[in-house]
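These notes concern the structure reproduced below.
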Amino acid sequence: VIKSVVAGIGSYLPERVVTNAELAERVATSDDWIVQRTGIRQRHIAADGEFTSDLGRKAAERALADAGLGAADIDLVILATSTPDQTFPATAATIQAQLGIERGAAFDLQAVCSGFVFALATADAHLRTGMFRRALVIGAETFSRILDWEDRGTCVLFGDGAGAVVLDGVSQADAQGRGILTTHLRTDGRHRGKLFVDGGPSSTGTVGHLRMEGREVFRHAVGMITDVIEDAFAATGESAETIDWFVPHQANRRIIDASAQKLHIAPAKVVTTVDLHGNTSAASIPLALDAACRDGRVRTGNLVLLEAMGGGFTWGSALVRW
Ligand code: ACO
3 VIKSVVAGIG SYLPERVVTN AELAERVATS DDWIVQRTGI RQRHIAADGE
53 FTSDLGRKAA ERALADAGLG AADIDLVILA TSTPDQTFPA TAATIQAQLG
103 IERGAAFDLQ AVCSGFVFAL ATADAHLRTG MFRRALVIGA ETFSRILDWE
153 DRGTCVLFGD GAGAVVLDGV SQADAQGRGI LTTHLRTDGR HRGKLFVDGG
203 PSSTGTVGHL RMEGREVFRH AVGMITDVIE DAFAATGESA ETIDWFVPHQ
253 ANRRIIDASA QKLHIAPAKV VTTVDLHGNT SAASIPLALD AACRDGRVRT
303 GNLVLLEAMG GGFTWGSALV RW
């Protein structure tokens with residue numbers, strides 16, 4: 003096996019849409035403030051009884067259908083999430099069982115907003131060793147469950163959703179050179195107190211709520227993002243000119259714009275869904291990618307640059323010939 007090729011993609015959003023105006027009825031904020039600082043206009047919120055596994059499974063079903071594959075074709079499931087259904091077993095095991103996948107392995111991966119890039123890189127590495135043949139890589143989150151709905155500084159930023167890709171380990175390059183070309187992952191745990199959840203099984207025995215020093219996150223984001231993208235360009239000889247699409251983690255319009263500008267990526271190449279989805283953490287990249295595939299922007303053979311940064315801090319990039 004020499005490469006992992008994206009064979010299919012799918013996503014799922016809960017039905018309920020919550021607008022900024024609706025949030026302004028709960029906390030002291032306004033549509034203007036939220037749009038100006040973040041670019042977010044609305045977010046989807048999971049229904050009572052709708053779990054991360056439900057969102058992830060629906061996205062995975064759509065990715066499998068898109069790939070023309072079934073449960074018997076998959077032997078690896080990696081779910082990137084910070085909002086698992088339970089402390090254990092892994093929510094990936096729930097999704098695996100619900101999809102009827104009976105072989106190989108399934109596990110969760112926790113890198114907060116960078117989770118999808120970390121999961122993609124992990125699946126790619128496993129496929130290239132020949133350890134597994136075909137992987138479902140899922141990002142699924144119900145951040146609405148860990149938000150402090152009284153804290154206007156954080157509750158306006160996040161939403162729920164899921165996205166998934168099917169990765170196929172191939173032993174021969176095709177004419178277009180499709181596949182994951184390079185991935186770069188970083189963590190610097192010295193920053194772990196800037197974006198965290200103030201609870202957990204070993205510390206408080208409670209689920210806890212998301213806490214963030216927004217300004218500090220913002221201050222570090224652009225530099226970290228651009229560093230790891232420069233690593234991707236250096237490893238492949240590709241550049242801001244040669245990429246077709248830039249699909250960043252959708253945290254905040256201002257972070258996305260500043261990163262693209264610093265890298266000299268043309269605004270027309272930037273895929274943005276943060277206005278409609280808010281920050282869906284590990285789900286944001288596959289959600290944005292799926293939107294851009296469905297509306298015909300991202301096509302087979304395109305060079306797509308993915309990037310994410312989140313709690314930890316964690317950050318990473320992936321360059322994919324679609
Ligand atoms: N509505 C109205 N006012 C608000 C709101 C709100 N929703 N939230 C905060 N404010 C107020 C604050 O209370 C403060 O008021 P004060 O001056 O009277 O004390 C004022 O706005 C300024 O607050 P700051 O936090 O300094 O505002 P800032 O301009 O930094 O914007 C924001 C806050 C949007 C969170 C910004 O820091 C940001 O985008 N940071 C990046 C964080 C991020 O995207 N995190 C996502 C998770 S990490 C990731 O995915 C990369």
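Quick note, full-length UniProt numbering runs 2 ahead of the 1-based positions in the sequence shown. Backbone N, C-alpha and C fix where the C-beta goes; we use that ideal spot for every residue, glycine too.
(request) Tell me whether Trp151 is buried or exposed, calling it buried when 16 or more other Cβ atoms sit within 10 Å of its Cβ. (result) Working through the sequence shown from its first residue, we reach residue 151 at position 149. With fewer than 16 Cβ atoms within 10 Å of its Cβ, Trp151 is classed as exposed.
(message) Does Asn304 come out as helix, strand or coil in the three-state DSSP assignment?
(response) Here residue 304 refers to the residue found at position 302 when the sequence shown is read from its first residue. The answer is coil: DSSP assigns Asn304 none of H, G, I, E or B.
(request) Inspect the beta-carbon positions of Leu159 and Ile42 and report whether they are closer than 8 Å. (result) Against the sequence shown, residue 159 aligns to sequence position 157. Against the sequence shown, residue 42 aligns to sequence position 40. Yes.
(message) Using only CA atoms, which one of Val79, Ile148 and Ala69 lies nearest to Leu212?
(response) Numbered from its first residue, the sequence shown carries residue 212 at position 210. Measuring from the Cα of Leu212, the nearest candidate turns out to be Ile148.
(request) Consider the C-beta atom of Arg147 and the heavy atoms of the ligand ACO; say whether any pair is separated by less than 7 Å. (result) Start at 1 with the first residue of the sequence shown, and residue 147 comes out as number 145. It does not: the Cβ of Arg147 is nowhere closer than 7 Å to a heavy atom of the ligand ACO.
(request) Report, in whole angstroms, the separation of the C-beta atoms of Val224 and Ala290, which I expect to be a contact under 8 Å. (result) Position 222 of the sequence shown, counted from the first residue, corresponds to residue 224. Position 288 of the sequence shown, counted from the first residue, corresponds to residue 290. With a Cβ gap of about 18 Å, Val224 and Ala290 do not count as contacting.
(message) So the candidates are Ile97, Ser173 and Ile182; which of them puts its Cα closest to the Cα of Ile140?
(response) Taking the first residue of the sequence shown as 1, we reach residue 140 at position 138. For Ile140, the nearest C-alpha among the options comes from Ile97.
(message) Given the structure, does His193 come close to the ligand ACO, in the sense that its CB is under 7 Å from one of the ligand's heavy atoms?
(response) Position 191 of the sequence shown, counted from the start, is the residue given in the question as residue 193. No, the Cβ of His193 stays beyond 7 Å of every heavy atom of the ligand ACO.
(request) Please list the segments of the alpha helix (DSSP H) lying wholly inside the region 197-254, counting only runs of 4 or more residues, in order along the chain. (result) 216-238
(message) Please tell me whether Asp110 and Thr93 are closer than 8 Å, where the distance is taken between their beta carbons.
(response) Numbered from its first residue, the sequence shown carries residue 110 at position 108. Numbered from its first residue, the sequence shown carries residue 93 at position 91. Cβ distance < 8 Å, so Asp110 and Thr93 count as in contact.
(request) State the DSSP-derived secondary structure class of Gly132, mapped to helix, strand or coil. (result) As a first step, residue 132 is located in the sequence shown; it is residue number 130 there, counting from the start. In the structure shown, Gly132 adopts coil according to DSSP, grouped into three states.
(message) With a threshold of 7 Å (Cβ to nearest heavy atom), would Ala294 be considered close to the ligand ACO?
(response) Position 292 of the sequence shown, counting from 1, holds the residue named residue 294. Ala294 Cβ: outside cutoff for every heavy atom of the ligand ACO.
(request) Take Arg64 and list the residues in its own chain whose beta-carbon comes closer than 6 Å to its own, dropping the five residues that flank it on each side. (result) What you label residue 64 is simply residue 62 of the sequence shown in a count that begins at 1. These residues qualify, in order along the chain: Gly12.
(message) Taking contact to mean 3 or more Cβ pairs, one atom from each stretch, closer than 8 Å, check whether the region 121-133 and the region 271-281 are in contact.
(response) no
(message) Any residue with its Cβ nearer than 7 Å to a heavy atom of the ligand ACO should be included. What is that list in chain order?
(response) Any residue whose Cβ sits closer than 7 Å to a heavy atom of the ligand ACO makes the list: Val29, Ala30, Thr31, Ser32, Trp35, Ile36, Arg39, Thr40, Cys115, Arg154, Gly155, Val158, Leu159, Leu197, Met214, Gly216, Arg217, Val219, Phe220, Ala223, His251, Ala253, Asn254, Arg256, Ile257, Asn281, Ser283, Met311, Gly312 and Gly313.
(request) Could you spell out the range, first to last residue, of the alpha helix (DSSP H) harbouring Ser55? (result) Mapped onto the sequence shown, residue 55 falls at position 53. First-last of the alpha helix (DSSP H) with Ser55: Thr54 to Ala69.
(request) Using DSSP bridges, identify the partner residues of Lys5. (result) Taking the sequence shown and counting its residues from 1, one reaches residue 5 at position 3. Residue pairing of Lys5 in beta bridges, as defined by DSSP: Val172.
(message) Quick check on the burial criterion: 16 or more other C-beta atoms within 10 angstroms. Buried or exposed for Gly303?
(response) By one-based count along the sequence shown, residue 303 stands at place 301. Of the other Cβ atoms in all chains shown, fewer than 16 fall within 10 Å of the Cβ of Gly303; this residue is therefore exposed.
(message) Give me the residue from Ala253, Ala123 and Thr244 with the minimum Cα distance to Gly181.
(response) By 1-based counting over the sequence shown, the position of residue 181 is 179. Among Ala253, Ala123 and Thr244, the Cα nearest to that of Gly181 is on Ala123.
(request) Determine, using beta carbons only, whether residue 379 and Thr85 come nearer to each other than 8 Å. (result) Only positions 3 to 324 of the chain appear in the structure, and residue 379 is not among them; the question remains open.
(request) Determine the contact status of Leu307 and Ile257, defining contact as a CB-CB distance below 8 Å. (result) Indexing the sequence shown from 1 puts residue 307 at position 305. Indexing the sequence shown from 1 puts residue 257 at position 255. Cβ atoms of Leu307 and Ile257: not closer than 8 Å.
(message) Tell me the residue span of the beta strand (DSSP E) that contains Ala82.
(response) The residue labelled residue 82 in the question sits at position 80 within the sequence shown. First-last of the beta strand (DSSP E) with Ala82: Leu78 to Ala82.
(request) Can you give me the start and stop residues for the alpha helix (DSSP H) that Trp35 sits inside? (result) For this step, residue 35 is matched to residue 33 along the sequence shown. Trp35 -> alpha helix (DSSP H) spans Asp33 to Thr40.
(message) Quick check on DSSP: helix, strand or coil for residue 1?
(response) As displayed, the chain neither begins before 3 nor continues past 324, which places residue 1 out of reach and without an answer.
(request) Could you tell me the distance, in whole angstroms, from the CA atom of Ala9 to the CA atom of Ala23? (result) On the sequence shown, position 7 is the one that residue 9 refers to. On the sequence shown, position 21 is the one that residue 23 refers to. So the alpha carbons of these two residues sit roughly 39 Å apart.
(request) Count the CB pairs spanning the region 266-273 and the region 308-321 that are closer than 8 Å, and state whether there are at least three. (result) no
(request) Could you tell me if Thr274 is buried or exposed, where buried requires 16 or more neighbouring beta carbons within 10 angstroms of its beta carbon? (result) If you number the sequence shown from 1, residue 274 lands on position 272. With 16 or more other Cβ atoms within 10 Å, it is buried.
(message) Could you check whether Leu78 and Gly58 sit closer than 8 Å to each other, using their CB atoms as the reference points?
(response) On the sequence shown, residue 58 is found 56 positions in, with the first residue counted as 1. On the sequence shown, residue 78 is found 76 positions in, with the first residue counted as 1. Their beta carbons are not under 8 Å apart, which means Gly58 does not touch Leu78 by this criterion.
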